[in-house]
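Report on the following structure.
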Ligand SMILES: [Zn+2]
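This is the structure we're talking about:
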């Protein structure tokens, strides 16, 4: 992706005076001095294939949690625990590592989130080197989890080390490490975990280091995630199947009527045409059409749908897809007018859209567009909240400053077309916490694929940015907001 040149992030006067007092050069040097050690520790983490899927060896996931706990202990923290909660089916959730440094009286707490479990490696032949033996080539570190998300863990640890070694007793901010062990398996016990450990994990700021930067050399803060709802659409036209020769003509079959109904979900240009769905603001950066076409493997001649920038279509507008249909297969087909047909639809929601409102909008649309008076009903399925960062809030401002300062280039505010379901859980549990979604990946990181890799130059910058963020918070970057809240 090639961004338009982002404008420099504008900072409030309070933050500008705070950042001027920070020992920025010293913190940067501290990170640089231990960077080789940080990378060596990352290589050791990559060597542990901790995968939270039932088909993989759970003992490796335990080893992985132990290794992370040991690394955190090595920073001088002694309150380090490995915790897990029961699954609904009676099994155990993945082991999470939680470690705490208490805040000095009246000082804020920052929660540092990452996950230590990884995706399965996939087919070995697709990798250029062993997936669990990290290898450095051309300034990148290759290996499963080298980026997603063991580099996120190491960014937290290395930043914590740099700041505590530099500031010592003057670092009064509370820090809680929360390193999850089942993210790639869909965080099945995340909600229960938060409920059981609500106090333990509470903080003023939660840094989720599991996203991506804009491109190598340009940092990003992920400020919006789309929500998601799904459900099924049923069309019924006759009480039972009838012969297409005897009744076809005056009567249309259910799949045809379902297709006509589905066609009303988009307008002629391909924008979602369901009334009552929100559209967010245009992002300031765009995704060039050529790159999008290549990334999505779009066939020659296919025109793109919708209007506005491609990033707005991906991040801040709704998107509807049909993801399944129930009707006889081609092999099982006969000359019959089918009485009923069903489709499953999935709708991505713009940040700011309430999922229950969206469900109601789909239901009303389906009712109002029932073709030829057929019975058309919508049955709601799963719902996930969208997420948007208030970029004017003090923590986001401090993060934008820290990223820009570390890279020497203003940070891009990006969105994500998908969702990170546990972020909605965090938001629901800690409505007053400021959530910052940062990351160590770049568009070439290939998280989840073969040849996953981490850009080492940007990794160091990500650690520096995280250190500077902690330093700014330590020097009062949140204080105005805390006073207002009190
Ligand atoms: Zn991840």
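Residue numbers (the working numbering): 377 to 862. Backbone N, C-alpha and C define an ideal beta-carbon position, used for all residues, glycine too.
Sorted by position in the chain, 491, 524, 525, 559, 586 make up the residues whose C-beta lies under 6 Å from a heavy atom of ligand 1. Shown here, residue 700 sits in a strand according to DSSP, grouped into three states. Under the three-state reduction of DSSP, residue 485 is assigned to strand. Residue 586: member of the beta strand (DSSP E) spanning 581 to 588, first to last residue. A residue is called buried once 16 or more other Cβ atoms fall within 10 Å of its Cβ, and residue 678, having fewer, is exposed.
Uninterrupted alpha helix (DSSP H) stretches at least 4 residues long and entirely within the stretch 391 to 471 occur at 400 to 409, 411 to 422, 434 to 449, given in chain order.
Closest by C-alpha distance to residue 547, out of 481, 566, 696, is 481.
DSSP lists 607, 698 as the beta-bridge partner residues of residue 721.
For residue 835, the enclosing alpha helix (DSSP H) stretches over residues 832 to 850. In terms of Cβ geometry, residue 534 and residue 839 form a close pair [threshold 7 Å].
When C-beta atoms of the stretch 633 to 644 are compared with those of the stretch 726 to 733, fewer than three pairs fall below 8 Å, so the two segments do not count as touching. DSSP places residue 742 outside any beta strand (DSSP E); the residue lies instead in the alpha helix (DSSP H), whose first and last residues are 731 to 744. If you ignore the 5 residues before and after residue 616, its C-beta comes within less than 6 Å of the C-beta of 715, all in its own chain and listed in chain order. It is roughly 42 Å from the alpha-carbon of residue 744 to the alpha-carbon of residue 584.
Taking a C-beta distance under 7 Å as the contact criterion, residue 653 and residue 793 do not qualify as a contact pair. Collapsing the DSSP output to three states places residue 645 in coil. For the 7 Å CB-CB criterion, residue 853 and residue 797 do not form a contact. Counting only the Cα atoms, residue 387 lies some 12 Å from residue 786. Residue 491 counts as buried, since no fewer than 16 other beta carbons sit within 10 angstroms of its beta carbon. Rounded to the nearest angstrom, the gap between the Cα atoms of residue 808 and residue 572 is 19 Å.
Your pair residue 608 and residue 655 does not check out as a contact, with CB atoms roughly 25 Å apart and the cut at 8 Å.
Residue 753 sits in a strand when the DSSP states are folded into three classes. Here residue 575 carries a coil assignment [DSSP, helix/strand/coil].
A Cβ-Cβ distance of about 4 Å is found for the pair residue 746 and residue 752, placing them in contact under the 8 Å criterion.
Using a 10 angstroms sphere on the CB of residue 589, the tally of other CB atoms reaches 16 or more, which defines it as buried.
In the pairwise beta carbon analysis, the stretch 496 to 508 is classified as not touching the stretch 464 to 480: fewer than three pairs are separated by under 8 Å. Contact annotation, residue 802 with residue 605: C-beta distance approximately 20 Å; criterion of less than 8 Å not satisfied.
For residue 512, the enclosing beta strand (DSSP E) starts and ends at 511 to 513. Collapsing the DSSP output to three states places residue 477 in a strand. Rounded to the nearest angstrom, the gap between the Cα atoms of residue 686 and residue 767 is 22 Å. Look at the beta carbons and you see the stretch 418 to 430 touching the stretch 442 to 455: at least three pairs across the two are nearer than 8 Å.
In this structure the stretch 449 to 460 does not touch the stretch 515 to 531; the number of beta carbon pairs closer than 8 Å is below three. In summary, residue 526 is buried, with 16 or more beta-carbon neighbours lying within 10 Å of its beta-carbon over all protein chains present.
In this structure residue 460 is in contact with residue 470, their Cβ atoms being roughly 7 Å apart against a cut-off of 8 Å.
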